[in-house]
Amino acid sequence: MLNFPIPYPDELLYSTIARAGIRHGLISPKQLLEEVFDGNRKVIATLDLPNHLNSLIKQLPSHFCIEQLAYQHTLFPLYAPFIPEQRRARCLQWMEGKSQGSIHLAMGIAASIIKTPCHIRYCPACLKEQGRQYGEYFWERVWQAPGVNCCARHGVLLNSKFSRPQKERHQFWPATPEYCPLFPQKPISDNDRWIAEQAVVLLHLPPRASPSLTQWTEYYRRLAQDAGLTKGRLQIEHNEITHRVLSLWSPQKLRFMGLSLNADDHCWLRSIFRKHRKSFSFLQHLVVHGALRPASWNITEAIDEACSIALQPKYVSNVPDHPVKNTALTTDQQHWLKLLSVQEAKAARKKDPALYARLYRAQRAWLTAVNKEHKHPTQPERKSRINWQARDAEYLRCLQELATFVTATNDGPRRSHNFWLKSLKAPSTLEKQLARLPLTQAFIQRYTETVADFQIRRLENTYANLKERMSQPPRWRLLRGSGLSEQRLTPAARTFLKAITENSDVTENPQDQRYR
Numbered sequence: 000m001l002n003f004p005i006p007y008p009d010e011l012l013y014s015t016i017a018r019a020g021i022r023h024g025l026i027s028p029k030q031l032l033e034e035v036f037d038g039n040r041k042v043i044a045t046l047d048l049p050n051h052l053n054s055l056i057k058q059l060p061s062h063f064c065i066e067q068l069a070y071q072h073t074l075f076p077l078y079a080p081f082i083p084e085q086r087r088a089r090c091l092q093w094m095e096g097k098s099q100g101s102i103h104l105a106m107g108i109a110a111s112i113i114k115t116p117c118h119i120r121y122c123p124a125c126l127k128e129q130g131r132q133y134g135e136y137f138w139e140r141v142w143q144a145p146g147v148n149c150c151a152r153h154g155v156l157l158n159s160k161f162s163r164p165q166k167e168r169h170q171f172w173p174a175t176p177e178y179c180p181l182f183p184q185k186p187i188s189d190n191d192r193w194i195a196e197q198a199v200v201l202l203h204l205p206p207r208a209s210p211s212l213t214q215w216t217e218y219y220r221r222l223a224q225d226a227g228l229t230k231g232r233l234q235i236e237h238n239e240i241t242h243r244v245l246s247l248w249s250p251q252k253l254r255f256m257g258l259s260l261n262a263d264d265h266c267w268l269r270s271i272f273r274k275h276r277k278s279f280s281f282l283q284h285l286v287v288h289g290a291l292r293p294a295s296w297n298i299t300e301a302i303d304e305a306c307s308i309a310l311q312p313k314y315v316s317n318v319p320d321h322p323v324k325n326t327a328l329t330t331d332q333q334h335w336l337k338l339l340s341v342q343e344a345k346a347a348r349k350k351d352p353a354l355y356a357r358l359y360r361a362q363r364a365w366l367t368a369v370n371k372e373h374k375h376p377t378q379p380e381r382k383s384r385i386n387w388q389a390r391d392a393e394y395l396r397c398l399q400e401l402a403t404f405v406t407a408t409n410d411g412p413r414r415s416h417n418f419w420l421k422s423l424k425a426p427s428t429l430e431k432q433l434a435r436l437p438l439t440q441a442f443i444q445r446y447t448e449t450v451a452d453f454q455i456r457r458l459e460n461t462y463a464n465l466k467e468r469m470s471q472p473p474r475w476r477l478l479r480g481s482g483l484s485e486q487r488l489t490p491a492a493r494t495f496l497k498a499i500t501e502n503s504d505v506t507e508n509p510q511d512q513r514y515r
């Protein structure tokens, strides 16, 4: 694509692609995808962590690279410092090509207790400044950061007309006043401004290796010690930490951010001061440090300190790896063998963890060997409790009812494979089990509308509407009214269009029959 726009500072790549569509006058989102992504029309318009960056690199000057785009024009820096280095590098590789949603799973976004905003957000005052400085508008990164509800300079962010996730999955919407009314903004609190400022700091971090989960574990142990919130060396005063957090952040504010606190042993605030087995969101780190660090603290201090922690083995084993032949068993060993005679090793360990710990420290080789000897055979595969035949009949009945309703009119979206699947409950599960649902699968295969059929149906609708006003609608009106172009017309649709423009007899579209 010629004249592809250069991303502005802190502009999302989503916004850059939307501006490219405006500059080239491309109304069709699929045509924009073809121009930008080397003919790939299946790219999803992703706001925070887009993929296929290798295609965008081809549209930009040579000094741009994948890492530069990811760190300067996506939300990747918000998550990168808090995931292990190997995963960070893997996510960059996914962003370069095709990931099919893997990056959101790997970064913990899909399962996070901090939910993404329900709308694409904007700052009216910043939009005015963009119009004066650049002559056009764009989406800034910090506006879409989860947990950030304000602009640090102007006020509360406003919701645009576009919801997230988008209903039009391939549409890149521009940040214009048409969709983003320039309404007055409400003032913000100091805490909200501080979160927005720290998010901006994170977004401007240069590429660097991220700390490991072990380093973050040790960092938070030291943080509790420095704040005087430990008993001895290892015991953390969780109740006092909760009290300090609540003294700064109100329960209503924490609930709004998705970080509610409770007395549950699995509360996120307790987990972050224990051994890190998963990554935590930048917002969780900010909430903790805001309560335990001075106001002048910066998030980069925590990342630098965590990276500087040397990785040392916590325990050094002095037990030989090879089994030791003992003629006489100790009382603990005899007790363990008695437990293994009635249950497997995992259940025995849960029943008497202290016994297991003593044996693990003193007779580890013997314990490992005897556990393998008493390993129970795997249980046979459990029979399915789902009546797939009945479920298949129920799905077929629902699809037939929907088909009767859908085909009552010739309008509507393309009746594709996903269209039928998403009309049923749990479409993702259903798609994985289609082999067990032969009636449902046969219905979907038979009545899935191809791209050519969909184009013909759109041409039919446009022709019928224009026929009421003119005897013979011109070709260009039929194309424009149908949202089609000469480049995207399929051979079947081109033949149909030629027939109706020449006023020939047109056979009925075979997909327009009643679904049964």
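Once you know that position 484 of the sequence shown is 483 in numbering that gives the first Met the number 0, the rest is easy, because the numbers rise by one and skip nothing.
We treat Cβ as the ideally placed atom computed from N, Cα and C, and that holds for glycine.
Given the structure is predicted, the values throughout are model-derived calculations rather than measurements.
Exercise. Which residues bound the beta strand (DSSP E) around Asn158?
Worked result: Segment 157-162, the beta strand (DSSP E) holding Asn158.
Problem set entry | Segments of 4+ residues assigned as alpha helix (DSSP H) that fall wholly inside the region 111-141 | As far as the region 111-141 is concerned, its whole alpha helix (DSSP H) runs of at least 4 residues are 123-133.
Exercise. So Trp387 is in the alpha helix (DSSP H); what residue range does that whole segment cover?
Worked result: Run containing Trp387: 387-405, per the alpha helix (DSSP H) assignment.
Exercise. Which one of Cys266, Ala463, Thr461, Ser280 has the shortest CA to CA distance from Ala109?
Worked result: Ranked by Cα distance from Ala109, the first of Cys266, Ala463, Thr461, Ser280 is Ser280.
For this session: Note down, in chain order, each residue of its chain lying with its Cβ closer than 7 Å to the Cβ of Thr241, except the 5 sequence neighbours on either side.
Result: Excluding its 5 nearest sequence neighbours in each direction, Thr241 has C-beta neighbours in its own chain below 7 Å: Leu260, Leu268, listed in chain order.
Exercise. Can you tell which of Val405, Glu459, Tyr394 has the C-alpha that lies nearest to the C-alpha of Leu436?
Worked result: Out of Val405, Glu459, Tyr394, Tyr394 has the C-alpha closest to the C-alpha of Leu436.
Exercise. Can at least three beta-carbon pairs, one atom from the region 119-135 and one from the region 63-83, be found at a separation below 8 Å?
Worked result: No, the region 119-135 does not touch the region 63-83.
For this session: Using the Cα positions of Trp215 and Lys371, report the straight-line distance between them to the nearest angstrom.
Result: Approximately 35 Å, taken between the alpha carbons.
Problem set entry | Phe255: first and last residue of the uninterrupted alpha helix (DSSP H) it sits in | For Phe255, the enclosing alpha helix (DSSP H) begins and ends at 250-256.
Exercise. In three-state terms, what does DSSP make of Leu496?
Worked result: Helix.
Exercise. What is the residue span of the alpha helix (DSSP H) that Gly289 lies within?
Worked result: In the DSSP annotation of this structure, the continuous segment of the alpha helix (DSSP H) that includes Gly289 starts and ends at 281-291.
Exercise. Measuring CB to CB, does Arg474 end up less than 9 Å from Thr500?
Worked result: At the C-beta level, Arg474 and Thr500 come within 9 Å of one another.
Exercise. Any idea if Arg93 is buried or exposed, counting beta-carbon neighbours within 10 angstroms, 16 or more meaning buried?
Worked result: Note on identity: in this sequence residue 93 is Trp, with Arg being the wrong assignment. Trp93 counts as buried, since at least 16 other C-beta atoms from the protein chains shown sit within 10 angstroms of its C-beta.
For this session: Please state whether DSSP places Gln224 in a helix, a strand or coil.
Result: Here DSSP, grouped into helix, strand and coil, assigns Gln224 to helix.
Problem set entry | Span of the alpha helix (DSSP H) around Gln332 | Start and end: 330-339.
For this session: Determine the burial state of Trp172: buried for a count of at least 16 other Cβ atoms within 10 Å of its Cβ, exposed for fewer.
Result: Under this definition Trp172 is a buried residue.
For this session: Measure the beta-carbon distance from Val200 to Asn297 and round it to whole angstroms, keeping in mind my assumption that it falls under 8 Å.
Result: Asn297 and Val200 do touch by the CB rule: their CB atoms are close to 6 Å apart, below 8 Å.
For this session: Drop a sphere of 10 angstroms on the beta-carbon of Gln486, count the other beta-carbons inside from all chains shown, and report buried for 16 or more, exposed for fewer.
Result: Gln486 should be labelled exposed.
For this session: Evaluate Pro250 with the Cβ neighbour count: other Cβ atoms within 10 Å of its Cβ, from every protein chain shown; 16 or more gives buried, anything less gives exposed.
Result: Pro250 should be labelled exposed.
For this session: In the DSSP assignment, find the unbroken alpha helix (DSSP H) run with Met94 in it and report its ends.
Result: Its alpha helix (DSSP H) spans residues 84-95.
Exercise. Which first and last residues belong to the alpha helix (DSSP H) in which Asn464 is found?
Worked result: Following the DSSP letters along the chain, one finds Asn464 inside the alpha helix (DSSP H) bounded by residues 450-466.
For this session: Assess, as a yes-or-no matter, whether the region 201-210 is touched by the region 287-297 under the definition of 3 or more beta carbon pairs within less than 8 Å.
Result: Not touching, per the Cβ criterion.
Exercise. Count the other CB atoms within 10 Å of the CB of Val286; is the residue buried (16 or more) or exposed (fewer)?
Worked result: Val286 should be labelled buried.
Problem set entry | According to DSSP, residues forming a beta bridge with Cys150 | Per DSSP, the beta bridge partners of Cys150 are Gly154.
Exercise. Can you name the residues that DSSP bridges to Glu10?
Worked result: Under the DSSP definition of a beta bridge, Glu10 partners with Glu139.
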